[in-house]
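**Student:** So that we are looking at the same thing, I have put the structure below in C-alpha cells.
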Amino acid sequence: MSKKEILRMFRKVQTQFSLRSPASAMADTASATDLAHRVLLARGCSPAEAEAWLEQPAPELADPFMLKGMRAAVDCLLPLVKAGKPILIHGDYDTDGVTSAALLKLFFSSFNVPVEVCIPNRLTDGYGLSDAGVKRAIRQGVSAVVTCDCGSSSPEACEQLMTAGIAVVITDHHSCPAILPTADALVNPHQPGETAAFTDYSGAGVALKLCQALSLALEQPDCYKDYLDLAAIGTVGDVMPLRGENRQIVRLGLALLRHNPRPGLAQLLQLIRTPAAGVDAWVIGHQISPRINAAGRLGDSQTACLLLMAEEEQEAASLAQSLEDQNRKRQELVTQAGAEARQQLTLQPDQISHACLVLANDHWPVGILGIVASRLSEDYACPCVVLGPDPAEEAEGSRPGAAAAVKQLRGSARSYGEIDLLALLETVRDLTVHLGGHPQAAGLTIEQDRLSALRNRLTAAADQLPLSQFTVNDRQQADCLLRPSDLTLEQAYLLEGLGPFGQDNPEPLFLLKAVTLRQPKLMGSKQEHLKAVLEWSGQLWPQISVLFFGMQAADSQLQEDGCCLDILAALKVNEFRGQKQLQLVVSAYRQITEAIPAAAVTGPESAGRPLPLPLDGPETDRLQLLSQLLKLTPAWGAAEIGAVLGLAADDLLPDKPLLADSWRCLNLLLQEGPRRLSLDELSDSLTRLYNSKHNAYQLACSLKIFEQAGLLALRRLPAEELVLAIKPVNAKVDLYATELYQDLQGKQA
C-alpha cells in the first residue's frame, strides 16, 4: 500500500451521502420534466407505476373479505349487531391499540350496540388479552369480545372466554405463534394461509377492514369511512409502511383530519399549536402519537381513548389538557431517568469500556424505560438494558395478606447497529424470569439479586462481538440531482403528491452541488437554527432560504458568508401570513474545501514493510490503523512508523503541552459525563480551544496514555469514533511512566 493510500485515511471524514441508486442517475437524464416523476423513476418505478402513484386515492378500499377469517368474523358479529347484544372491545395501550379500540367502539355504537372498552394497564397488565379484561367480560355478561391490536398470542384468555359462552373475534396484526388461539374468528393478515394481496396493515387498519366488511353486510357500505382518521393515526403511529392500502388509508384519513377533526383531536391540535389544515403524517408521528402513547406509558390509556371518542367540546378540552399534562410528565420522567443513568456512568466510568450497558434504578417507571434505553443506545453506540421495579409485583405485594415475594426488576433493551439483541440476550436467558422481543428491541424481567450476574455475563458476551456489527448505515441518499428549473412553487407542490411520507416512503431529498451560503444568520429562541440565502448555479436566489436545524447550525464555518457546500435537502413551501416561499431544508452537507490534514506529508517513503492489517475492509479507519501501529514490535523504529504515517520521526511522541491541552480539553468535553466523540471532533476542539498543533497519531497516543494511566475509560467504534469517560483518581499520576510513553520515547532515542 502506498503512502498516498494511507494518508487518505488521515483526512477529515466528510458527511456521507450519494444518489439513491443507478436509477437516480437515469432519472436525471430522463425526459420527465417535473420533479415528482423523476423522484419516482429514481426509486425504481416504471412510467406507468409513477402515473398510478400520483393519481388521487381511490375512494374505496380493497374487498375486506379477501382477508382470511373476515367472513367468519362477520358471520359471528352481524347477528349480535342486529340484535343489539352487548360487546366488549379489548384494545392495547399504544397508539395503534387505542385508536383501534376507539374506532370499533364508535362504529358499533353508531348501530346502537351497547359497547364497553377495555384498555389494559401497561404497567400491571402487560401486553395481550388481559386477565382483567376477561374477568370484566364474564362479570358483565357480554355476548362477544372483539380484540384489536392483540389476541393472537393469548390462547388461555380466549379459552376462558369461550368456556364462559362468550364469542371471541380476534383482530390483530402481530406475528402469530406456532399454536393459534381457539376463537370464533381470527383476522390477522400474518396468520398461516393468508392470501390477501396486501397484508401490512396496522391493528387499526385491520379493525377498519372489519368495519368495512360489516358495513357491506349491513348494506351501508360507506359508514366505515367515518373512521379513516383513526385508522390513519394508528397506521402512522405504529410505523407501518406507507405503501399500498396503508397509503390510501392515510391519505383519506388525513383529508378527514384536515377538514373535520374530531372534537378531541381539534382540542389537542390547539394545544400543540398546529392548525388542522396543516396536519400531515409527520404531525401524527411526532406530535399526536407520542401524546397518545404517553398516557399508556404512565398506565392510563383510557384518557387517550376517551379523547378520541369525545363529542362535547368542554369534555374534549379537559381530556386534551390531561393528555398534554401526562405527556409533559412523561418527558420529565424520561429526562430525569436519562440524567440519572448518565450519572451512574459518570460514577462508574469503566462501564463505557464495555460493548453493552446494563443500568437499573429502584424508582424508574417501567413505561418510559424503552425510550431511555433507546437514547442511551444511540448516545453510547451499544446495546442498552434499562431496568426498574416491576409494577405488577408491587401491585401484588400491596394486597392485604399477600406474601412477600422476591423483588423483581422489569425493563427494556434496545439494540444498536446490526447487533441481534435477542440473540445476545439469549446468552443470559437462564438469569431471567421473562424474556421476549426481536433483534432490535426486547423486554425482560429478572430477580434483583441477579442484576450483577446479568451485567457481567451480558457485557462479556457483547465484548466478543465483531466491531463491524456496531456499524450504523447513516449514509443518506439523494433521490436525484436538483436542476435550477426545479426551484419553483409548482414543482414543490407536485412533490407533495408523492406523500404521505413516512416508513418505506421517505420525503424526497435532492443533491445540490457547489452551493454558496450568503447572509447566514442564527435563528430560534436559543439560536439553535441557521438560515441563509442560496447562491447556486451561477446566480443568487434571494427568494429561497437554506435552513439548517439543530446541531448542524453549531458548525461555525456555516456561519461565515461565502461558505461553499454540497447539500442534501428537501424542497418545501413555507406559508407565513399569506406569503409563500421556497425553502431548502438541509438534511446533510459536506464542505467542498479540503479539511486540514491530521498528519503532515513529511518523512521518508515506506520501506515496503507490510502493515499487519488490510486497509480496504469495512472497519478500516485511522483509529484502526493507529491501534495496530501501537502494537508493532520493537523492531519497528520511529523512522519506519513515521514513514507509514507520512510523519517525521520526531512527530510521533505527544509532547507535554499537547498532553496538558488534551487533558484539559477532555475534562471540558466530558464535564457532563461520558460521551461519544469522533477523532476529528476532538482534534477540532483542541485546535479551536488551545490552538494546538498536533497530528492524529499524537492525539491517539495521548488517549492511550491517559487510558494506561487510569485516567480515561474508552471504547473504540467504527467510523473513527470513541466513547470516552473520565475516571476519578485521587492520587497523582505520572503520564511519562506509562508503557506507551516510555516505548515511544525509546523509539525516538
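Using the working numbering, you'd call the opening residue of the sequence shown number 388 and step up by one each time.
Just so it is clear, CB atoms sit at the ideal spot from N, CA and C, and this is done for glycine as well.
Everything numeric in this text was worked out from a predicted model, so none of it was measured.
1. Spatial neighbours of Ala1026 within its chain, please: CB distance less than 6 Å, with the 5 preceding and 5 following residues excluded, ordered by chain position.
2. Quick one: give me the first and last residue of the alpha helix (DSSP H) that Lys1043 is part of.
3. Can you give me the Cβ contacts of Leu732 inside the same chain, cut-off strictly under 7 Å, excluding the 5 residues immediately before and after it?
4. Tell me the rounded alpha-carbon separation between Ser1089 and His424.
5. Should Glu992 be labelled buried (16 or more other beta-carbon atoms within 10 Å of its own) or exposed?
6. Could you confirm whether any beta carbon from chain C is found closer than 7 Å to the beta carbon of Glu915?
7. Which partner residues does Val973 have in the DSSP bridge list?
8. On the CB-based measure, 16 or more other CB atoms within 10 Å of its CB, does Tyr1123 come out buried or exposed?
9. For my contact list, Val529 and Ile474 are in at a C-beta cut-off of 8 Å; report their separation, rounded to the angstrom.
10. What number of angstroms, rounded off, separates the C-alpha of Ala1096 from the C-alpha of Asn1117?
11. If I follow the unbroken alpha helix (DSSP H) through Gly798, where does it start and stop?
12. If you draw a straight line from the alpha carbon of Val960 to that of Gln968, how long is it in whole angstroms?
13. Any idea which residues DSSP pairs Leu774 with across the strands?
14. Could you tell me if Tyr614 is buried or exposed, where buried requires 16 or more neighbouring beta carbons within 10 angstroms of its beta carbon?
15. Ends of the beta strand (DSSP E) at Gln930?
16. Along the chain, where does the beta strand (DSSP E) containing His477 start, and where does it finish?
17. Determine the DSSP secondary structure at Cys537, reduced to helix, strand or coil.
18. Between Leu629, Lys612, Gln946, Ser589, which has its C-alpha nearest Gly621's C-alpha?
19. Under DSSP, the alpha helix (DSSP H) around Arg1075 begins and ends at which residues?
20. So, for Gln635: in the same chain, excluding its five sequence neighbours on each side, which residues have a beta-carbon less than 7 Å away from its beta-carbon?
21. With distances taken between CB atoms, is the gap from Thr819 to Cys743 smaller than 7 Å?
22. For Thr832, which three-state DSSP category applies?
23. Please state whether DSSP places Ile671 in a helix, a strand or coil.
24. Helix or strand or just coil, what does DSSP make of Phe498?
25. For the alpha helix (DSSP H) that contains Gly366, what are its first and last residues?
26. What does the alpha-carbon distance come out to for the pair Val721 and Leu605?
27. Take Asp512 as the anchor and find which of Ser541, Leu927, Gly757 has the nearest alpha-carbon.
28. What does the alpha-carbon distance come out to for the pair Leu971 and Tyr514?
29. When the Cα atoms are used, what is the spatial distance from Arg870 to Thr582?
30. Which ranges does the beta strand (DSSP E) cover as unbroken runs of at least 3 residues, wholly within the region 807-892, from first to last along the chain?
31. What did DSSP end up calling Phe452 once you bin it into helix, strand or coil?
32. Look at Ile679 and Val623 and say whether their C-beta atoms are less than 7 Å apart.
33. Using C-beta distances below 6 Å, list every residue in its chain close to Ala551, excluding the 5 sequence neighbours before and after it, in chain order.
34. How big is the Cα-Cα spacing for Phe936 and Val973?
35. Inspect the CB distances between the region 447-466 and the region 547-562 and report whether three or more fall short of 8 Å.
36. Which residues mark the beginning and the end of the beta strand (DSSP E) in which Arg1103 is found?
**Tutor:** By the coordinates alone:
1. By one-based count along the sequence shown, residue 1026 stands at place 639. Around Ala1026: Ala1036.
2. As a working note, residue 1043 is residue 656 in the sequence shown. Unbroken alpha helix (DSSP H) run through Lys1043: 1043-1056.
3. Counted from its first residue, the sequence shown places residue 732 at position 345. These residues qualify, in order along the chain: Gln738, Ile739, Gly1060, Pro1061, Ala1112.
4. In the sequence shown, residue 1089 corresponds to position 702, counting from 1. In the sequence shown, residue 424 corresponds to position 37, counting from 1. Distance between the alpha carbons of Ser1089 and His424 is about 53 Å.
5. Here residue 992 is taken as the residue at index 605 of the sequence shown, counted from 1. Here the model assigns Glu992 a pLDDT of 31, short of 50, so the residue's position is not dependable, and the following value carries that caveat. Exposed: under 16 other Cβ atoms inside 10 Å.
6. As a matter of chain content, chain C is missing from the structure shown, which is built from one protein chain.
7. As a working note, residue 973 is residue 586 in the sequence shown. Note: Val973 sits in a beta bridge opposite Ala956.
8. Here residue 1123 corresponds to residue number 736 of the sequence shown, with the count starting at 1. Under this definition Tyr1123 is an exposed residue.
9. Taking the sequence shown and counting its residues from 1, the one referred to as residue 529 is at position 142. Taking the sequence shown and counting its residues from 1, the one referred to as residue 474 is at position 87. The Cβ separation is near 6 Å, so the contact holds.
10. Within the sequence shown, the letter at position 709 stands for residue 1096. Within the sequence shown, the letter at position 730 stands for residue 1117. The straight-line gap from Cα to Cα measures roughly 12 Å.
11. Counting from one through the sequence shown, the residue named residue 798 turns up at place 411. Looking at the DSSP string, Gly798 is not in any alpha helix (DSSP H); the run it does join, the beta strand (DSSP E), is 795-801.
12. Indexing the sequence shown from 1 puts residue 960 at position 573. Indexing the sequence shown from 1 puts residue 968 at position 581. Whole-angstrom Cα-Cα distance: 6 Å.
13. Here residue 774 corresponds to residue number 387 of the sequence shown, with the count starting at 1. DSSP, once it has assigned bridges, lists Ala747, Gly798 as partnering Leu774.
14. Within the sequence shown, the letter at position 227 stands for residue 614. Classification of Tyr614: buried, given that the 10 Å Cβ count is 16 or more.
15. For the purposes of this step, residue 930 is taken as residue 543 along the sequence shown, with counting starting at 1. 926-935 is the span of the beta strand (DSSP E), which, as asked, contains Gln930.
16. By one-based count along the sequence shown, residue 477 stands at place 90. Its beta strand (DSSP E) spans residues 474-477.
17. The residue you call residue 537 lines up with position 150 of the sequence shown. Judged by DSSP in its simplified three-state form, Cys537 adopts coil rather than helix or strand.
18. Stepping through the sequence shown from its first residue, residue 621 is reached at position 234. The option with the nearest alpha carbon to Gly621 is Ser589.
19. Translated into positions along the sequence shown, residue 1075 becomes position 688. Looking at the DSSP string, the run of the alpha helix (DSSP H) that includes Arg1075 is 1066-1077.
20. Here residue 635 refers to the residue found at position 248 of the sequence shown. Result list for Gln635: Pro444, Ala445, Leu448, in chain order.
21. Taking the first residue of the sequence shown as 1, we reach residue 819 at position 432. Taking the first residue of the sequence shown as 1, we reach residue 743 at position 356. Their beta carbons are not under 7 Å apart, which means Thr819 does not touch Cys743 by this criterion.
22. In the sequence shown, counting from the first residue as 1, residue 832 sits at position 445. In the structure shown, Thr832 sits in a strand (DSSP, three-state: E or B).
23. The residue given as residue 671 occupies position 284 in the sequence shown. The answer is helix: DSSP assigns Ile671 an H, G or I state.
24. By 1-based counting over the sequence shown, the position of residue 498 is 111. Coil, per DSSP.
25. Not covered by the structure: residue 366. The range shown for the chain is 388 to 1136.
26. The count along the sequence shown starts at 1 and reaches residue 721 at position 334. The count along the sequence shown starts at 1 and reaches residue 605 at position 218. Distance between Val721 and Leu605, taken at the CA atoms: about 47 Å.
27. Within the sequence shown, the letter at position 125 stands for residue 512. Ranking the options by Cα distance to Asp512, first place goes to Ser541.
28. Within the sequence shown, numbered from 1, the residue matching residue 971 stands at position 584. Within the sequence shown, numbered from 1, the residue matching residue 514 stands at position 127. Rounded to the nearest angstrom, the two C-alpha atoms are 43 Å apart.
29. To locate residue 870, count along the sequence shown from 1; it is residue 483. To locate residue 582, count along the sequence shown from 1; it is residue 195. Their backbone Cα atoms lie some 44 Å apart in a straight line.
30. 819-824, 828-834, 863-865
31. Start at 1 with the first residue of the sequence shown, and residue 452 comes out as number 65. Helix.
32. By one-based count along the sequence shown, residue 679 stands at place 292. By one-based count along the sequence shown, residue 623 stands at place 236. Cβ distance not < 7 Å, so Ile679 and Val623 don't count as in contact.
33. Reading the sequence shown from its first residue, position 164 is the one you call residue 551. The residues are Ile525.
34. Within the sequence shown, the letter at position 549 stands for residue 936. Within the sequence shown, the letter at position 586 stands for residue 973. Taking the straight line joining both Cα atoms gives about 8 Å.
35. Counting Cβ pairs under 8 Å, three or more are found: they touch.
36. Start at 1 with the first residue of the sequence shown, and residue 1103 comes out as number 716. It spans 1099-1104 - the beta strand (DSSP E) in which Arg1103 sits, taken as one unbroken run.
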